[in-house]
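Participant: Residue numbers (the working numbering): 579 to 679. We put the beta carbon where it would ideally sit given N, CA and C, even for glycine.
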């Protein structure tokens, strides 16, 4: 975790976040890759003038995967909140809000 020192994590928290960081970014990146591939396919379908049904199916798939990413982000925040003290979570939010976009 990037802000481990600033948050003064205990050993249990450090272990949890180390394990989390081994798994979760790869899962998210997999979904993001799938979305990118679907967008490429959609672009091709549109440029080729393929039938509307195929285009609409791809749009639905992209929407489903985008919703999946949003759910993953929400669950990420819930999990982080569960593993930090309220003060640590408040500090993490402050660090996040201070970060340039």
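Check for me: the alpha helix (DSSP H) holding residue 664 runs from which residue to which?
Facilitator: Indexing the chain shown from 1 puts residue 664 at position 86. It spans 664-676 - the alpha helix (DSSP H) in which residue 664 sits, taken as one unbroken run.
Participant: Please specify which runs of the alpha helix (DSSP H), each continuous and at least 4 residues long, are wholly inside the region 589-663, giving them in chain order.
Facilitator: Those alpha helix (DSSP H) runs which fall completely within the region 589-663 and span 4+ residues are 589-626 and 630-661.
Participant: Does DSSP classify residue 585 as helix, strand or coil?
Facilitator: Here residue 585 refers to the residue found at position 7 of the chain shown. The answer is helix: DSSP assigns residue 585 an H, G or I state.
Participant: Whose C-alpha, out of 616, 647 and 646, is nearest the C-alpha of residue 632?
Facilitator: Against the chain shown, residue 632 aligns to sequence position 54. Among 616, 647 and 646, the Cα nearest to that of residue 632 belongs to 616.
Participant: For residue 666, count neighbouring Cβ atoms within 10 angstroms of its own Cβ and tell me buried if that reaches 16, exposed if not.
Facilitator: Within the chain shown, the letter at position 88 stands for residue 666. It counts as buried.
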